[in-house]
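Below is one structure, written out as structure tokens, with a few remarks after it.
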Amino acid sequence: VLVTGYFHNDYQHLAKSNLVCVCGEASVPVEIVQVGVYRCWLSPHSPGFVNLYLSFDGHKPISQVVNFEYRTPILHDPAASMEESYNWIEFRLQMRLSNLLFTTPKTIDVFSSKVSPTALKETKKFASKTLFISKSLKHFMKSSDANAIPYPHAKNTLFEIALKNKLREWLLERIVLGCKTTEPVA
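Residues in the sequence shown are numbered from 18 upward in steps of one, following our numbering.
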């Protein structure tokens, strides 16, 4: 499910918070696709209408509450095979990323290396901007305590969070070494 919308000016600092999408009785973490666009994965559900909204705690809406319609799946849907193909492409990409992140030898020992003030400043800036990634595991654990998320989705989300955290660590190491960073285009 893609949810679009912007936070009012006074609340824009909340846009990168750990949000959940509540759809009926299910509460699942959302990820930021880009500014104003959030994505979440919902498990299959019996056909019908349910309330859908964003929340911090899985109970109190912080967005407009809208009707969401679960529809009966179409049999022999070619989109399903496209989704399966997409899942394999994404899985292979994750495996390549895992290989890069987990097999790259530790090439830095900050305590024995002299770190330039510029690299230290860039590292702190990057760490601050990506702090929400480190907090995502704690948030995910809290939101999955009630088993509201289907097991395959929970497993995939856990793997994704682990990759994001490892990628963050890897990037921080590279920045400390003096590698250049580029600011994302807004």
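Where is the CB? At the ideal position from N, CA and C, for every residue including glycine.
Residue i, buried or exposed, once every other Cβ within 10 Å from all chains shown has been counted against 16
| i | result |
| --- | --- |
| V39 | buried |
| F176 | exposed |
| C196 | exposed |
| Y103 | exposed |
| I106 | exposed |
| F157 | buried |
| S63 | exposed |
| L137 | exposed |
| L36 | buried |
| S98 | exposed |
| V45 | buried |
| T199 | exposed |
| L69 | buried |
| T140 | buried |
Whole-angstrom C-beta distance between residue j and residue i, which should lie under 8 Å
| i | j | result |
| --- | --- | --- |
| V47 | L31 | 13 Å between Cβ atoms; not a contact. |
| L189 | F143 | 6 Å |
| L118 | K181 | No, L118 and K181 are not in contact; Cβ-Cβ is about 10 Å, not under 8 Å. |
| G22 | G41 | That pair is no contact at about 20 Å. |
Limits of the beta strand (DSSP E) - the one that residue i falls within
| i | result |
| --- | --- |
| A32 | Where A32 is concerned, there is no enclosing beta strand (DSSP E), given that its DSSP letter is neither H nor E. |
| Y168 | Premise fails: Y168 lies in the alpha helix (DSSP H), Y168 to V193, not in any beta strand (DSSP E). |
| C40 | V37 to C40 |
| T199 | Segment: none, T199 is in no beta strand (DSSP E) and carries neither H nor E. |
| V20 | L19 to T21 |
CB contact below 8 Å: residue i versus chain E
| i | result |
| --- | --- |
| S115 | Absent here is chain E; the protein component of the structure consists of one chain. |
Where the alpha helix (DSSP H) containing residue i begins and where it ends
| i | result |
| --- | --- |
| F143 | P134 to K146 |
| I49 | Counting along the chain, I49 falls outside any alpha helix (DSSP H), though it belongs to the beta strand (DSSP E) covering E48 to Q51. |
Own chain residues within Cβ distance below 6 Å of residue i, not counting five before or after
| i | result |
| --- | --- |
| S153 | I178 |
| F1 | The structure shown does not extend to residue 1, since the chain spans only 18 to 203, so no value can be given for it. |
| W187 | L118 |
Spatial neighbours of residue i in its chain, beta-carbon cut-off 8 Å, leaving aside the 5 residues before and after
| i | result |
| --- | --- |
| K33 | I49 and F149 |
| I192 | A136, E139, T140, F143 and T198 |
Residues near residue i by beta carbon distance below 7 Å, same chain, minus five either side
| i | result |
| --- | --- |
| G75 | V37, V39, S44 and S160 |
| H170 | W58 and S60 |
Original post:
What are the uninterrupted segments assigned as alpha helix (DSSP H) that are 4 or more residues long and contained completely in the stretch 78 to 117, given in chain order?
Top reply: For the stretch 78 to 117, not a single whole alpha helix (DSSP H) run of length 4 or above is found.
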